[in-house]
Amino acid sequence: MGGGEKPQLIINGKRLDGRMPDELRPIKIEVGTIRNAVGSSYIEWGNNKIIAAVYGPKEALPKHVQDPERAIIKCRYTMAPFSSLEEHGRSGPNRRSTEISKVTKEVFENVIMLEKYPGAEIDIFVEVLQGDGGTRAAGITAASVALAASGIPMTDMPYGVSFGKVGDQVILDLNKIEDNYSDADMPIAISPRTGDILLLQMDGTLTPEDVDLGMHMVRKAGEYITKLQREALKQSYEKISEKYKK
Amino acid sequence: MKIRTVTEDFIKDLLMKGQREDGRQPMSYRNIELKTGVIPNAEGSAQVIMGNTKMLAGVKVGVGEPMPDKPGEGNLITSAELHPMASDQFESGPPSPEAIELGRVIDRGIRAADMINSKSLGIDEEKVWEVFIDIYTLNYDGNLFDAGTLAAAAALYSARMPKYDAENEEVIREGNLGRFKIGGMVTSSTFGKIAGKVILDPDGNEEAFMDARITIANDENYLRAMQKGLGGSFSQKELETLIDASFQKSKDLRKLIISKVE
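Structure, rendered in structure tokens:
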């Protein structure tokens, strides 16, 4: 899908950054990055650096957007103008980010107990400070942690991760250069408790068998990502209790 | 705001018995009518009537500059419009997230299937062809993804390729013109989930009470684009079944397009 000469992305079974086909990039999650937010998190996923912040529940405004039976979610995914290796981007939403905001919102409509807050809104912000492929999946993983940290009741803590295809090889967690020259890209978000698919997008060239293999990689990686999400939350409370020991 | 209505109860009760309001089976399409060449001024056009959903796609071709990182490659620009005349649910103004999603999902299918190979759209070093596909919703009654993809694919498939007169820097749009070189022929199948039941080609009433939606676009051999929508979910097993169903359903849709282009 990218232009220009296609680089060789897999050499002797290894990817350009040394990963195996089913290997995730290193992931680090922190909780409580934005003090003003009700819940927030910061994720480093390979070279991706993303902040997620949650505000609310608060009265939904303007009034006509209110739902008398449940809370509504407003989600804003954006990439900072300095976030990409290429030229300066434009700040604020564009067609791509509008779509990502929509599908991210729809992920969390599955798990937030919206009926507890009729007439309210819950705001989710995902800001990509540095992007290197797979930002929507990493953003969902971070937003999940921010929501859990906010104390808003949820039935599960979803994670996101993508897979794709380079040549004949299905690979997990594509970085930017892999994404640019891949034959297919399929971002996924899963509810680990039920195993249900909450986000699914795809474009490129895949067979049904590739989808099966990729989904298997996604679920295996998901077990690890879920563990990281939980540990990040636990650590944030450990930090607080240490503070009170003194 | 969603109010539980007689319609909702009716639709859900019927689905529990495997039936639908208009008498269809869960996994069948409404009657589809396709007409190409409806806008002779456009290089390509097609109108799709799917039940009461009516969509019109027009292809216009112009001359532009290549993207800096893709010399010699043409541009394909697809957008969808939820026209306010098509439904009282649509409003005037900048494109809604729904319209953007619709346009982008249709675009990804066409692009991924290489329906029009962008490398075949070069003119010279500075100029390339720009292909605009605009998809209009004229009347809304559900499943704009499939109707829109069908209209766009048929419009492209039937479009005539203009010629460029380099001496006079003119685009020749009339006379004896060929067609575009078409790669994969993409169509899509969209499924809705209502109260745990999965149906093909949801109409407007069904979409109003749908928990989740999935669009699967493929050509003869490969999956080309997929998109899950709305606040519900699908299981892995459902996904696998629906991918198979989409490959099955696409056979008739492809035949329909080919039959309408002589």
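Chain order of the listed sequences is A and B.
The first sequence begins at 1 in my numbering and counts up one residue at a time.
The second sequence begins at 1 in my numbering and counts up one residue at a time.
Cβ atoms here follow ideal geometry from the backbone N, Cα and C, with glycine treated the same way.
Since this is a predicted model, take the numbers as computed values, not measurements.
Identification of residues in the segment 192 to 211 of chain A having a C-beta nearer than 9 Å to some C-beta of chain B yields THR194, GLY195, ASP196, ILE197, LEU198, LEU199, LEU200, GLN201, MET202, ASP203, GLY204, THR205, LEU206, THR207, PRO208, ASP210 and VAL211, given in sequence order.
If you draw a straight line from the Cα of B:GLY229 to the Cα of A:ILE140, it is about 15 Å long. Using a Cβ distance threshold of 8 Å, A:TRP45 and A:ARG15 do not count as a contacting pair.
If you check each beta-carbon in the segment 84 to 101 of chain A against every beta-carbon of chain B, the ones closer than 8 Å belong to ARG95, ARG96, THR98, GLU99 and SER101. When secondary structure is reduced to three states using DSSP, A:ASN180 falls in the helix class. In this structure, DSSP gives B:PRO97 a helical state, which the three-state scheme calls helix. Close to B:LEU230, with beta-carbon spacing below 9 Å, are these residues of chain A in chain order: GLU106 and GLU109. As computed with DSSP, A:THR98 is found in no beta bridge at all. When the beta-carbon positions are compared, B:ALA208 and B:SER233 stay at least 8 Å from each other. The continuous beta strand (DSSP E) containing B:ASN218 extends over residues 212 to 218. In the three-state reduction of the DSSP assignment, B:VAL261 falls in the coil class, being assigned neither a helical nor a strand state. Taking 7 Å as the Cβ-Cβ cut-off, the segment 126 to 154 of chain B has no residue approaching chain A. Within 9 Å of the CB of B:LEU239, the CB atoms of chain A belong to ILE197, LEU200, VAL211 and MET215, in sequence order along the chain. With the rule of 3 Cβ pairs closer than 8 Å, the segment 104 to 120 of chain B counts as touching the segment 174 to 190 of chain B. Taken through DSSP and simplified to helix, strand or coil, A:ALA60 comes out as coil. Between the segment 81 to 92 of chain B and the segment 139 to 149 of chain B, the count of Cβ pairs shorter than 8 Å is three or higher; the stretches touch. From the listed residues B:SER246, B:SER188 and B:MET161, the smallest Cα separation to B:GLY175 is found for B:MET161. Taking every protein chain shown into account, the CB of A:VAL65 has fewer than 16 other CB atoms within 10 angstroms, so this residue is exposed. Distance from B:VAL131 to B:LEU144 at the Cβ level is roughly 21 Å; contact not present, criterion being Cβ atoms closer than 8 Å. The criterion of a C-beta distance shorter than 8 Å is satisfied by B:GLY58 and B:SER45.
The beta carbon of B:GLN248 does not come within 8 Å of any beta carbon belonging to chain A, so the residue lies off that interface.
In this chain, the alpha helix (DSSP H) harbouring A:GLN229 covers 208 to 245. Taking C-beta atoms under 8 Å as the contact rule, B:PRO26 and B:ILE199 qualify, at a distance of about 5 Å. One thing to note: A:MET113 has its Cβ no nearer than 8 Å to the Cβ of A:VAL170. B:ARG104 belongs to the set of residues whose beta carbon lies under 8 Å from a beta carbon in chain A. In summary, B:GLY196 is exposed, with fewer than 16 beta-carbon neighbours lying within 10 Å of its beta-carbon over all protein chains present. B:ARG224 is classed as buried because its beta carbon has at least 16 other beta carbons within 10 Å across all chains shown.
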